[in-house]
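Numbering (our numbering), first residue to last: 514 to 673.
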């Protein structure tokens, strides 16, 4: 596990050990890019980004994180979109998005994630609207997910 916490001056991630299983990046106010650091993390299972206010997107190189099981993005108001390359995260089983007020929609590629069992969205007004059950524009892309929780309310739950 690598925890990068409270490093306000760091602006980008450079090469990290490919054997890393968990990466937590918290309170890195100037961090704007993850692209260099992510692409070789083929063993990464958990990625947690929190309070990185200048981070505006996840890199397309996220496609290389074949082992990623859990993705959490919290309080990253600069993130306005997730790359469609998210469709390559075939091991992803849970995604939590909290207080990302500028995140406008989920990528269409999320519909390809057959292992994704849990999606939780909190305090993301644009996503909440787009993920409304059977009515939201993103609903066709997430309808296959077993458990969907929006602002603490379970809108879809199926045990299979």
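Every residue, glycine too, gets a C-beta built ideally from N, C-alpha and C. From a predicted model like this one, the values you see are computed outputs, not experimental measurements.
Quick one: Cα of residue i to Cα of residue j, how far?
i, j, result
"residue 570", "residue 615", "11 Å"
"residue 578", "residue 662", "25 Å"
"residue 556", "residue 514", "11 Å"
"residue 642", "residue 535", "31 Å"
"residue 673", "residue 657", "In this predicted model, residue 673 has a pLDDT of only 49, less than 50, meaning its place in the structure is not dependable; the value taken from the coordinates is given anyway. Distance between the alpha carbons of residue 673 and residue 657: 12 Å."
"residue 651", "residue 624", "10 Å"
"residue 630", "residue 563", "22 Å"
"residue 604", "residue 597", "16 Å"
"residue 524", "residue 538", "12 Å"
Check for me: the alpha helix (DSSP H) holding residue i runs from which residue to which?
i, result
"residue 640", "638-643"
"residue 599", "Taken as a continuous stretch (DSSP letters only), residue 599 belongs to no alpha helix (DSSP H), as it is neither H nor E."
"residue 655", "652-655"
Helix, strand or coil: how does DSSP classify residue i here?
i, result
"residue 546", "strand"
"residue 538", "strand"
"residue 614", "coil"
"residue 482", "There is simply no residue 482 to check, as the chain begins at 514 and stops at 673 in what is shown."
"residue 674", "The requested residue 674 does not occur in the structure, where the chain is confined to residues 514 to 673."
"residue 575", "helix"
"residue 632", "strand"
"residue 663", "strand"
"residue 658", "coil"
"residue 525", "strand"
What are the partner residues of residue i, as DSSP defines its beta bridges?
i, result
"residue 583", "559, 607"
"residue 570", "594"
"residue 516", "537"
Taking residue i as part of the beta strand (DSSP E), name the residues at either end of that continuous run.
i, result
"residue 623", "Here residue 623 belongs to no beta strand (DSSP E), and DSSP marks it neither H nor E."
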